[in-house]
Amino acid sequence: MTVECPQSFTWECEELNCCESYHFRVILLFIAISIFLTALLVAAVWLAFEFRISYRRKRLQEMDQFRNELEMRSFEEAKYLRRMSQNKQKKPPHFPPDY
């Protein structure tokens, strides 16, 4: 004998006491599937933006610009330190003051 449950999504219920539990489990299954599909959609959109040629080119240019600025700062700092080192070496010897 098949029992007709008042809730929807209760296909396999044969007893009245399983209707609500079965309904709840099916709803949770639908929610889990929808979350999974949403995650797949978000991943697809993200990958579509990530692998666009213009987006990738722009990111590479930004990285190159940052690298060039870093190399320039490093070069300037090395030049400054070299100059300071040479100035210390060229310093005249210290003579005691005449009293």
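Okay, so the sequence shown: first residue is 1 according to UniProt numbering, each after it adds one.
Where a beta carbon is used, it is the ideal one built from N, C-alpha and C, also for glycine.
Bear in mind that the values here come from a model prediction, so they are computed numbers and not experimental data.
If the five residues before and after residue 71 are omitted, its C-beta is found closer than 7 Å to no C-beta atom of its own chain.
Inter-residue distance for residue 59 and residue 24 is about 47 Å (C-alpha atoms, whole angstroms). Along the length of the region 25-73, whole beta strand (DSSP E) runs at least 3 residues long do not occur.
The beta carbon of residue 36 is closer than 7 Å to none in its chain, skipping five residues each way along the sequence.
For residue 56, the CB contacts under 8 Å within the same chain, skipping 5 residues up- and downstream, are 50 in chain order.
Here DSSP, grouped into helix, strand and coil, assigns residue 14 to coil.
Each residue's CA atom was taken as its position, placing residue 79 and residue 89 some 15 Å apart.
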